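K.L.:
Each residue of the sequence shown is one higher than the one before, counting from 0 in numbering that gives the first Met the number 0.
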Amino acid sequence: MIVNIFFIIFARIFLQSKLFHFLFIIRSHSQATKPSPERSSQNPVTKMAASNTIVGTINFITLLLSIPIIGAGIWLANEPDNSCVKILQWPLIILGISISVVALLGFVGGCWRITWLLIVYLVAMFILIVLFACLVVLIYLVTKKGSGHPAPGRTYLEHDLDDFSGWLRRKVASPYKWNRIRACLNSTDMCSELNQRYRIAQDFFNARLTSIQYGCCMPPAECGYTYINPTYWLTPNNTAASMDCLQWSNDQMQLCFHCDSCKAGLLANLTKEWRSVDIILLITLVVLICVYLIGFCCALRKSKPGDGDTSPRRNKENT
Numbered sequence: 000m001i002v003n004i005f006f007i008i009f010a011r012i013f014l015q016s017k018l019f020h021f022l023f024i025i026r027s028h029s030q031a032t033k034p035s036p037e038r039s040s041q042n043p044v045t046k047m048a049a050s051n052t053i054v055g056t057i058n059f060i061t062l063l064l065s066i067p068i069i070g071a072g073i074w075l076a077n078e079p080d081n082s083c084v085k086i087l088q089w090p091l092i093i094l095g096i097s098i099s100v101v102a103l104l105g106f107v108g109g110c111w112r113i114t115w116l117l118i119v120y121l122v123a124m125f126i127l128i129v130l131f132a133c134l135v136v137l138i139y140l141v142t143k144k145g146s147g148h149p150a151p152g153r154t155y156l157e158h159d160l161d162d163f164s165g166w167l168r169r170k171v172a173s174p175y176k177w178n179r180i181r182a183c184l185n186s187t188d189m190c191s192e193l194n195q196r197y198r199i200a201q202d203f204f205n206a207r208l209t210s211i212q213y214g215c216c217m218p219p220a221e222c223g224y225t226y227i228n229p230t231y232w233l234t235p236n237n238t239a240a241s242m243d244c245l246q247w248s249n250d251q252m253q254l255c256f257h258c259d260s261c262k263a264g265l266l267a268n269l270t271k272e273w274r275s276v277d278i279i280l281l282i283t284l285v286v287l288i289c290v291y292l293i294g295f296c297c298a299l300r301k302s303k304p305g306d307g308d309t310s311p312r313r314n315k316e317n318t
């Protein structure tokens with residue numbers, strides 16, 4: 000008895016559903032036209048369903064492609080150096096969110112056959128791809144330099160401001176910008192953690208520190224300071240090797256945060272991280288362009304008035 004009641008309720012829901020009407024249209028169309036095997040493969044309803052599936056898949060892939068872009072921006076925002084400079088992370092996050100929103104517009108316009116929405120999707124996605132490509136090229140150009148040079152008596156590379164592109168230097172080296180960045184870097188534990196981690200001088204000199212730690216937490220090797228601990232050094236008799244030698248202070252709130260070597264170390268860190276991000280962005284850009292071209296062809300096909308038209312008038316003309 001319960002099974003019969005459940006079956007009756009299910010049958011009524013199915014008969015009133017859009018799925019039943021959609022299947023009924025397909026059935027009526029196939030019986031009315033009695034197509035040959037060649038014509039049945041060109042059933043407009045089947046073509047419409049297949050085309051909707053393609054459009055949905057393309058825009059779903061586009062949504063997935065926005066994830067590495069947003070993820071790269073979030074990763075940079077969580078890095079101490081990038082979080083203090085704030086150059087690249089927000090453009091990446093905004094770009095990724097914009098791509099995901101435009102992909103949703105393309106999905107709606109493709110599945111519901113809204114021509115003006117498809118046009119907005121194609122134009123907006125083209126603009127975003129151009130901006131994305133410009134960003135990838137910009138990152139490559141500003142990170143080409145900055146290889147560094149061996150430090151005397153050390154196992155690491157030291158960097159000078161002149162090693163980096165002028166665009167990057169202007170983002171960091173001006174007094175106003177550097178005062179804000181310096182205060183932000185000083186609030187982190189990147190220098191204080193060295194005292195807890197390295198107790199022996201040999202362990203410290205053999206350690207693989209970041210460029211910003213080498214530049215900001217210790218004096219330049221050319222100054223000839225004597226090691227006591229990672230952030231405390233004995234001053235030599237002659238400190239005239241460079242201006243950075245005079246800028247060094249054993250005050251834990253000062254250290255070498257006023258030195259040009261600290262600015263160069265920051266830029267070296269940024270360059271390394273941006274290069275890694277640029278590889279991911281380049282791969283994402285290539286895939287996005289391929290997906291866009293496929294979506295462009297599908298959008299043009301769906302925008303044709305006669306493509307997939309299932310109206311009674313169209314069916315009558317076909318019969």
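Even for Gly, the Cβ is constructed at its ideal location relative to N, Cα and C.
Predicted model, so just to flag it, every value in this text is computed and none were measured.
1) Among Cys289, Ile138, Arg112 and Gly223, which residue has its Cα nearest to the Cα of Arg274?
2) Assign Ser186 to one of two classes, buried (16 or more other C-beta atoms within 10 Å of its C-beta) or exposed (fewer than that).
3) Pick out whichever of Thr142, Ala150 and Ile98 has its Cα sitting closest to the Cα of Ile126.
4) Please state whether DSSP places Glu192 in a helix, a strand or coil.
5) Taking only three categories from DSSP, how would you classify Ile86?
6) Could you please give the first and the last residue of the uninterrupted beta strand (DSSP E) stretch that includes Tyr226?
7) Look at the alpha carbon of Phe256 and the alpha carbon of Glu192, and state the distance between them as a whole number of angstroms.
8) Pull up the distance between the alpha-carbon of Asn236 and that of Gly72, whole angstroms please.
9) Pull up the CB-CB distance for Trp166 and Lys262, whole angstroms please, since I reckon it's below 8 Å.
10) Look up Trp247 in the DSSP assignment and say whether it is helix, strand or coil.
11) Determine the extent of the beta strand (DSSP E) in which Tyr231 is found, giving its start and end residues.
12) Whole angstroms is fine: what's the gap from Thr225's alpha carbon to Cys183's?
13) Do you know how far the Cα of Tyr120 is from the Cα of Leu104?
14) From Asn249 to Ile279, what distance separates their C-alpha atoms?
15) Could you work out which residue in Leu292, Cys258, Thr52 and Val171 is closest to Asn81 when comparing CA atoms only?
16) Going by other Cβ atoms of all chains shown within 10 Å of its Cβ, with 16 needed for buried, is Leu233 buried or exposed?
17) Are three or more beta carbon pairs between the region 143 to 151 and the region 51 to 60 nearer than 8 Å?
18) Would you mind stating whether Met217 and Leu156 have Cβ atoms separated by less than 9 Å?
19) According to DSSP, which residues form a beta bridge with Leu156?
20) DSSP on Leu134, reduced to helix/strand/coil?
21) Excluding five sequence neighbours on each side, which residues of the same chain lie with their C-beta closer than 8 Å to the C-beta of Cys215?
P.N.:
In this structure, then:
1) Ile138
2) A residue is called buried once 16 or more other Cβ atoms fall within 10 Å of its Cβ, and Ser186, having fewer, is exposed.
3) Ile98
4) helix
5) coil
6) Thr225 to Asn228
7) 16 Å
8) 46 Å
9) Wrong, their Cβ atoms sit about 14 Å apart, outside the cutoff.
10) Annotated three-state conformation of Trp247 is coil, per DSSP.
11) Tyr231 to Leu233
12) Per the coordinates, the alpha-carbon of Thr225 lies some 28 Å from the alpha-carbon of Cys183.
13) 6 Å
14) Near 40 Å, if we compare the C-alpha coordinates of Ile279 and Asn249.
15) Val171
16) exposed
17) no
18) no
19) In DSSP, Leu156 forms a bridge with Pro149.
20) helix
21) Leu184, Met189, Cys190, Leu254, Cys255, Phe256, Cys258, Ser260, Cys261, Gly264 and Leu265
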